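Okay, so here's the structure we're looking at.
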Amino acid sequence: MSSFPSLRMRRGRVSPWMRDLLAEHRLHPSDFIWPLFVCEGSDCEEPIGSLPGVSRWSIDKLPGRVRLAAELGIPCVALFPNTPNDLRTDDAKEALNKDNLICRAIKAIKDAVPDVGVLTDVALDPYTSHGHDGLIDIAGNVINDDTVNVLADQALVQAEAGADIVAPSDMMDGRVAAIRAALEGAGHQNVAIMAYAAKYASAFYGPFREAVGSQGRLKGDKRGYQMNPANIEEALREVELDLAEGADFVMVKPGLPYLDVVARVKDAFGVPTFVYQVSGEYAMIEAAAAAGAGDRDALILETLLAFKRAGATGVLTYHALDAARLIAG
Ligand code: PBG
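Just so it is clear: in the sequence shown, position 226 is 250 by the working numbering, and no numbers are missing.
So, in structure tokens, the structure goes:
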């Protein structure tokens with residue numbers, strides 16, 4: 025192998041066109057899924073304090089948001105409801121209401137912008153009075169199998185409303201198999217499952233919980249079902265199980281602190297592997313930029329590119345619109 029001075033690595037960095045030519049990875053608007061928060065009401069935009077630049081939108085405003093995404097080449101949006109407080113119950117029954125906020129939001133988007141994919145979250149936390157992702161027993165523990173039954177029904181309700189991808193984010197055991205069976209049984213063969221396969225019990229979800237109104241309700245934490253941040257072999261087992269149960273795509277969440285997990289999952293399984301750059305990561309970048317600690321545009325693009333380098337197929341990011349605009353130049 026040749027070495028200096030016959031080999032000079034800097035020759036490949038000498039000009040913008042050369043750097044472009046040699047880029048191993050690049051970002052494209054089709055890499056992004058844009059999460060949107062939905063609220064009741066009309067003509068309503070509610071800014072979220074801990075997520076500067078992100079708002080909840082009433083359903084009438086959603087098609088406009090999604091059209092913006094479509095114009096920029098973003099293929100898919102993810103929807104999260106802020107369920108009115110009086111509809112949050114211990115049994116989360118609003119999750120199964122065919123006319124709930126999320127179902128109406130799906131229909132409004134599918135009517136107005138049918139060519140954009142709609143991904144919905146399968147988990148009970150926006151619907152429970154206690155803020156957990158599942159049903160709890162008297163001691164406050166989330167009950168796995170009863171929860172799985174509700175999740176399968178929830179996924180079906182979302183599919184019936186027009187969701188293209190259902191994404192279980194609850195971390196119950198066996199939920200992917202139950203959801204797949206429910207979808208097949210009802211003729212929804214083409215509704216895909218993106219499993220939050222390796223979802224960690226993370227401190228980076230705080231702003232999201234404000235956005236969906238589950239903050240402050242949560243008794244205890246989610247460590248009894250979400251993964252221990254110390255573990256990576258366990259993440260591979262989770263992915264293997266979800267794939268065996270019928271997951272079409274898998275996800276790792278959060279993003280940047282778990283890039284090693286993304287890389288291992290992609291190498292080990294070679295399946296479409298998505299990353300969720302979560303609310304706390306977004307907030308961190310915004311705070312750094314606001315504090316003058318870095319250039320906002322550069323921070324956004326560098327972090328998103330890191331996901332591609334690690335092997336991600338796509339990224340759920342609150343920066344999707346900004347990033348797509350930056351890429352377009
Ligand atoms: C709920 C869910 C969470 C997120 C997505 N789905 C929060 C949680 O598990 O508490 C977090 C997303 C984010 O922080 O942006 N099942």
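Note that the Cβ used here is the ideal one computed from N, Cα and C, for glycine as well.
Every value quoted in this text rests on a predicted model; they were computed, and no experiment measured them.
In chain order, what residues of the same chain have a beta carbon less than 7 Å from the beta carbon of residue i, not counting five sequence neighbours either side?
i: alanine 201; result: Glu269, Gly270
i: valine 263; result: Ala221, Ala222, Val274, Val289, Phe293
i: proline 76; result: Glu310
i: leucine 46; result: Gly36
i: phenylalanine 56; result: Ile98, Gly338, Val339, Thr341, Ala344, Ala347, Ala348
Per DSSP, which residues does residue i bridge with? Please list them.
i: serine 153; result: DSSP, once it has assigned bridges, lists no residue as partnering serine 153.
i: arginine 261; result: Partner(s): none; arginine 261 has no beta bridge.
i: aspartate 177; result: Paired residues: none, contrary to the question.
i: cysteine 63; result: Ser82
i: cysteine 100; result: Ile57, Gly141
i: alanine 216; result: Ile189
i: glutamate 234; result: Paired residues: none, contrary to the question.
i: glutamate 70; result: Arg80
i: threonine 113; result: Thr152
i: valine 299; result: Val276, Val339
i: valine 286; result: Answer is none; valine 286 lacks a bridge partner.
i: isoleucine 160; result: Val166
i: valine 146; result: Pro192
Please find out if some non-hydrogen atom of the ligand PBG comes closer than 7 Å to the beta-carbon of residue i.
i: alanine 147; result: yes
i: valine 302; result: yes
i: serine 193; result: yes
i: lysine 246; result: yes
i: tyrosine 224; result: no
i: phenylalanine 61; result: no
i: tyrosine 249; result: no
i: tyrosine 229; result: yes
i: arginine 241; result: no
i: aspartate 157; result: yes
i: phenylalanine 232; result: yes
If residue i and residue j are in contact, beta carbons under 8 Å, what's the gap, nearest whole angstrom?
i: glycine 211; j: glycine 304; result: With a Cβ gap of about 39 Å, glycine 211 and glycine 304 do not count as contacting.
i: isoleucine 217; j: isoleucine 203; result: 6 Å
i: valine 166; j: arginine 199; result: 12 Å between Cβ atoms; not a contact.
i: glycine 338; j: alanine 287; result: About 15 Å; that fails the 8 Å criterion.
i: leucine 345; j: leucine 96; result: 6 Å
i: isoleucine 72; j: glutamate 234; result: 6 Å
i: proline 278; j: tyrosine 300; result: 6 Å
Helix, strand or coil: which one does DSSP assign to residue i?
i: methionine 251; result: strand
i: alanine 242; result: With the sequence shown as reference, residue 242 is identified as leucine, and alanine is not the correct amino acid for it. In this structure, leucine 242 counts as coil in the three-state DSSP scheme.
i: leucine 340; result: strand
i: threonine 107; result: coil
i: phenylalanine 273; result: strand
i: isoleucine 126; result: helix
i: proline 278; result: coil
i: phenylalanine 28; result: coil
i: proline 87; result: helix
i: alanine 221; result: strand
i: isoleucine 256; result: coil
i: valine 38; result: coil
i: leucine 75; result: coil
i: glycine 318; result: coil
i: aspartate 291; result: helix
i: aspartate 44; result: helix
i: leucine 345; result: helix
i: aspartate 197; result: coil
i: leucine 92; result: helix
i: arginine 50; result: coil
i: glycine 304; result: helix
i: glycine 209; result: helix
Leaving out the 5 sequence neighbours to the left and right, which residues in its chain are closer than 6 Å to residue i when beta-carbon positions are compared?
i: proline 105; result: Val62, Leu125, Ile126, Pro150
i: proline 99; result: Ser54, Gly141
i: aspartate 84; result: Ser66
i: aspartate 114; result: Ser153
i: serine 193; result: Asp145, Ala147, Tyr220
i: alanine 259; result: Ala222, Val285
i: alanine 136; result: Pro87
What residues in its chain sit with their C-beta under 8 Å from that of residue i, if we drop five residues either side in the sequence?
i: alanine 330; result: Leu280, Leu283
i: threonine 107; result: Glu118, Asn124, Leu125, Pro150, Tyr151, Val236, Gly237
i: serine 79; result: Phe61, Glu69, Glu70, Pro71, Ile72
Check whether the Cβ of residue i lies closer than 8 Å to any Cβ atom in chain B.
i: lysine 290; result: This model lacks chain B altogether; it includes just one protein chain.
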